[in-house]
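Have a look at the structure below before the remarks.
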Amino acid sequence: NVIVEESEVNPPQPEDKVVTKVEELTDLTVEFGTSVEKLALPTEVKVTLDNETEDKLSVEWNTDAYKADEAGTYELTGTLQAKEGIK
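Everything in the sequence shown is counted per this note's numbering, starting at 1 for the first residue and increasing by one.
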């Protein structure tokens, strides 16, 4: 007779996927005096992962450099927000 008992072995966990590419965003042109809240910055961006699949990640924008009352070109930086299974 063979008796098989349930063990407490954890199943292998899939490794986190790694972002290899972030969707290129187009430049925005806004009217003088446009407030930060009305910039229409994307809340999500498309990313490509190391297994060649695509997903979307939330992005948080640093808008500290933007001044609605000063004409000019501004480069805003966004930080991707972590998501389970993606680094």
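Yeah, the Cβ is synthetic: ideal placement off N, Cα and C, and Gly gets one too.
For residue 38, the secondary structure class from DSSP, reduced to helix, strand or coil, is helix. For the pair residue 41 and residue 19, the CB atoms are not nearer than the 8 Å cut-off.
Assigned with DSSP and collapsed to three states, residue 33 falls in coil, not helix or strand. Residue state for residue 62 is assigned as strand, using DSSP reduced to three classes. The DSSP-derived three-state label of residue 46 is strand. Shortest Cα-Cα distance from residue 31 to any of 72, 25, 43 involves 72.
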